[in-house]
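Quick notes on the structure that follows.
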Amino acid sequence: MCGIVGYIGYEQAGSFLLDGLEKLEYRGYDSAGVCLNDGSELVVKKAKGKLKVLKELTQNGKLLAGTVGIGHTRWATHGEPSDVNAHPHLSKSGRFAVVHNGIIENYQQLKDYLTSKGIVFRSMTDTEVIAQLIEYYYKGDLVDTVIKVLEKLEGSYALGVISQENPDEIIAVRKESPLIIGLGDKENYIASDVTAILTKTRNILRLENNEIAILKRDGVKIIDTDKEEVRKEIETVEWDVSAAEKGGYEHFMFKEIMEQPKAVKDTISPRIRNGRVVLDEIKLTDEQLKSFTKVNILACGSAYHVGVVAKYIFEKMLRIPVEVDLASEFRYRDPIINDKVLTIVISQSGETADTKEAMKEAQRRGSHVISIVNVVGSAIAVESNDVIYTWAGPEIAVATTKAYSTQLAVIYLMALYFGDKLGTIVPDEYKALVGELEKLPERIEKILEHKEKIQYLASKYFNSKDVFFIGRNIDYALSLEGSLKLKEISYIHSEAYAAGELKHGTISLIEKGTPVIALVTHEELIGKIVSNIEEVKTRGAEVICIACDSHPEIESHGQTIFIPKSCDMLLPSLAVIPLQLFAYYVSSLKGCDIDKPRNLAKSVTVE
Ligand code: G6P
9 MCGIVGYIGY EQAGSFLLDG LEKLEYRGYD SAGVCLNDGS ELVVKKAKGK
59 LKVLKELTQN GKLLAGTVGI GHTRWATHGE PSDVNAHPHL SKSGRFAVVH
109 NGIIENYQQL KDYLTSKGIV FRSMTDTEVI AQLIEYYYKG DLVDTVIKVL
159 EKLEGSYALG VISQENPDEI IAVRKESPLI IGLGDKENYI ASDVTAILTK
209 TRNILRLENN EIAILKRDGV KIIDTDKEEV RKEIETVEWD VSAAEKGGYE
259 HFMFKEIMEQ PKAVKDTISP RIRNGRVVLD EIKLTDEQLK SFTKVNILAC
309 GSAYHVGVVA KYIFEKMLRI PVEVDLASEF RYRDPIINDK VLTIVISQSG
359 ETADTKEAMK EAQRRGSHVI SIVNVVGSAI AVESNDVIYT WAGPEIAVAT
409 TKAYSTQLAV IYLMALYFGD KLGTIVPDEY KALVGELEKL PERIEKILEH
459 KEKIQYLASK YFNSKDVFFI GRNIDYALSL EGSLKLKEIS YIHSEAYAAG
509 ELKHGTISLI EKGTPVIALV THEELIGKIV SNIEEVKTRG AEVICIACDS
559 HPEIESHGQT IFIPKSCDML LPSLAVIPLQ LFAYYVSSLK GCDIDKPRNL
609 AKSVTVE
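Convert by adding 8 to the 1-based position in the sequence shown; the result is the number in the working numbering.
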């Protein structure tokens, strides 16, 4: 969480800093700030609230002078969102400024030490100790000082540092939190993620843990903490500039919903060759594959919901037990896991702290990890044993849509690939499933073409106090995602329930007019879920069904959104579309800040 940018060049830095922060706002948006060296001193402008407040304060950057500067958009950890807690933070005399993403775990100890030396802190943040430490240890060489300060820090950080005395350099460093260096023509950049610099350059360097970048106008030098130079390959970013822009849509979320046919196609197509699923990314031998006795899936948020879908699919198709864990729980429960367990880690950003640490825990215990990641070169992608990328392109809206869909697509590919190798899928079934998989993008497209009915239902229920989602089997897994989508962006209370479980308590919450969204796609259980629908209707619920067009009779049980029929395994990819659209339209009607819902951030790099 938190976004960092920095610029050094011959142009005025202000406009790039604000523009870059706008691209990174998905990482946190409770306050923002910039600091520029105006030639004689460091000038800080920062403000509580979204970036637009800072933009107003600086007249869109017009009031910012200087050709070197750093900026930050914050998701508060230590210290409430406020002007004073916003970054950049200055040292006591104002000669050093720091932006930070991550958490300094021993900050209190360091703060106590500095306080005992007479340093008075202005903010409640952990970050301020870094700025104060730099000044405390500074003896004329900023690089040496930063290296000394790093020795004192415990925790995770990506840092950008500038100083009053050195208007010709930015120092950047990272440990665990992401940071990239953008290489321009007589100008260079730092950023938490490539989206911030795409309009400026596609040439980047990825900093590894404990590497220090010294950015000047005409070049960048990377060193390690022993001051040895580190030579790095320049990477070219493939992402399209327009992918990080709204492109005429009112919200990123809507744009990303509409991009799903392409994202799913881009993820699936290159991996189906001559009717066979080819996953060159997986380095496991057939023997290794056959030796696994269990699959373990680790993820957070919506990625975890993909894991729940995967459990139903893998157990049915591969006949292997699957355990799905919330990464934050897995880490601390002394899990039973060894080299006979295959671990699958799912993460859009590839940097979610809990997911990353859970992955390392699994690796420490001998498990082989395959990650499913969207951001190329991110920590999880690099540190897992094998990585299968989702080709969703940059996802900006906090509530995930196209990343979720592409993660599901990878699960289908894996199920087919493993099923073939393990011999649990017969050739006819394999062929039929590959054929259906290839049709997914056009079927998603078809649902998107008929979104008006969902818009109408949203207009009927957007004032509801509670909304329940029910389903059985794989439909239950999907209902978890439908419910999360709705609550995170519309602030309507919502719960997802395994339909058969409702009567063990939650049904007491159903009253006249309560909307219940019932997923009725799983062929074998239609009769069972219909009974559960009737149970809630009897208690006053108003039911919306999501069902396949092969079952027109479902309409007699509730207002129904029909999706094209496909095989059970693939239906979550179709049924999730109306759920995403429902959440989107409800939030839009309520006037919510859809792309940046309150209290959330897209990239969760703290525990
Ligand atoms: C945040 C996002 C979710 C996402 C979750 C896990 O909560 O808002 O959309 O599912 O983090 O993120 P990851 O990047 O690991 O998929």
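Yeah, the Cβ is synthetic: ideal placement off N, Cα and C, and Gly gets one too.
Alpha-carbon spacing of S200 relative to A400, whole angstroms: If you draw a straight line from the Cα of S200 to the Cα of A400, it comes to about 19 Å.
Buried or exposed (CB count within 10 angstroms, at least 16 for buried), N471: Exposed, since its Cβ has fewer than 16 Cβ neighbours within 10 Å.
Selected residue, minimal CA-CA separation from R281, among Q116, L445, L158: Taking each of Q116, L445, L158 in turn and checking the Cα distance to R281, the smallest one comes out for L445.
G401 beta carbon near ligand 1 (any heavy atom closer than 7 Å): Closer than 7 Å to some heavy atom of ligand 1: that does not describe the Cβ of G401.
Any non-hydrogen atom of ligand 1 closer than 7 Å to Q67 Cβ: Answer for Q67: no, Cβ out of range of ligand 1.
Residues of its chain near S392, where Cβ-Cβ distance is below 7 Å and the 5 sequence neighbours each way are ignored: Taken in chain order, the residues that qualify are V353, M367, V377, I378, S379.
Cα-Cα separation between K302 and I328, rounded to whole angstroms: Each residue's CA atom was taken as its position, placing K302 and I328 some 6 Å apart.
N540 burial status per 10 Å Cβ neighbour count (16 or more: buried): Answer is buried; the Cβ neighbour count reaches 16.
Enclosing alpha helix (DSSP H) for N540 [first to last residue]: DSSP places N540 in the uninterrupted alpha helix (DSSP H) bounded by 534-546.
Own chain partners of I6 with C-beta closer than 8 Å, once the 5 adjacent residues on each side are dropped: Not covered by the structure: residue 6. The range shown for the chain is 9 to 615.
Which of helix, strand or coil DSSP assigns to G77: Here DSSP, grouped into helix, strand and coil, assigns G77 to strand.
Cα-Cα separation between L71 and A40, rounded to whole angstroms: Each residue's alpha carbon lies about 16 Å from the other.
Any non-hydrogen atom of ligand 1 closer than 7 Å to G479 Cβ: At a cut-off of 7 Å, the beta-carbon of G479 does not count as near ligand 1: no heavy atom of the ligand is closer than that.
Backbone secondary structure at S164 - three-state DSSP: Collapsing the DSSP output to three states places S164 in a strand.
K610 beta carbon near ligand 1 (any heavy atom closer than 7 Å): Checking every heavy atom of ligand 1 against the Cβ of K610, one is found closer than 7 Å.
Residues that L50 bridges to, as DSSP identifies them: Under DSSP, the beta-bridge partners assigned to L50 are N45.
Rounded Cβ spacing between A591 and I497 (contact assumed at less than 8 Å): Right, the Cβ-Cβ distance comes to about 6 Å (below 8 Å), so this counts as a contact.
Those residues which DSSP pairs with P523 across a bridge: In DSSP, P523 forms a bridge with E550.
Chain E contact for E460 (CB, 8 Å cutoff): Although the question refers to chain E, the structure presented lacks it and comprises just one protein chain.
6 Å Cβ shell around E184 - same chain, five flanking residues per side excluded: Within the same chain, E184 has close Cβ partners S164.
Exposure label - E19; buried when at least 16 CB within 10 Å: The residue is exposed, with fewer than 16 neighbouring Cβ atoms inside 10 Å.
Residues near V157 in its chain [Cβ-Cβ closer than 7 Å; skip 5 each side]: For V157, same chain residues with a beta-carbon under 7 Å away, outside a window of 5 residues either side, are I138, L141, I142, Y145 in chain order.
Residues bridged to R103 (per DSSP): Bridge partners of R103: none, in fact.
T363: CB within 7 Å of a non-hydrogen atom of ligand 1: Yes, since a heavy atom of ligand 1 falls inside the 7 Å radius drawn around the Cβ of T363.
Neighbour-count burial assignment, A466, 16 or more Cβ in a 10 Å radius: So A466 counts as buried.
Distance cut-off 7 Å: C575 Cβ against heavy atoms of ligand 1: No.
C-alpha gap between E323 and V330, whole angstroms: Cα to Cα, E323 sits roughly 6 Å from V330.
Whether N45 touches I170 by CB criterion (8 Å): Cβ distance < 8 Å, so N45 and I170 count as in contact.
Cβ neighbour criterion (16 or more within 10 Å) applied to A55: Buried is the call here.
Sheet register partners of E289 (DSSP bridge): In DSSP, E289 forms no bridge with anything.
Limits of the beta strand (DSSP E) - the one that R451 falls within: First-last for R451: 435-457, but that is the alpha helix (DSSP H), not the beta strand (DSSP E).
Near ligand 1: T514 beta-carbon under 7 Å from a heavy atom: No, Cβ of T514 sits at least 7 Å from all heavy atoms of ligand 1.
T529, DSSP secondary structure in three states: Three-state result, T529: coil.
Those residues which DSSP pairs with H501 across a bridge: Beta-bridge partners assigned by DSSP to H501: D474.
Nonlocal neighbours in the same chain, by C-beta distance under 6 Å from L421, ignoring five residues either side: Taken in chain order, the residues that qualify are R279, V285.
Ligand 1 heavy atom lying under 7 Å from the CB of C308: Within the cutoff, so yes.
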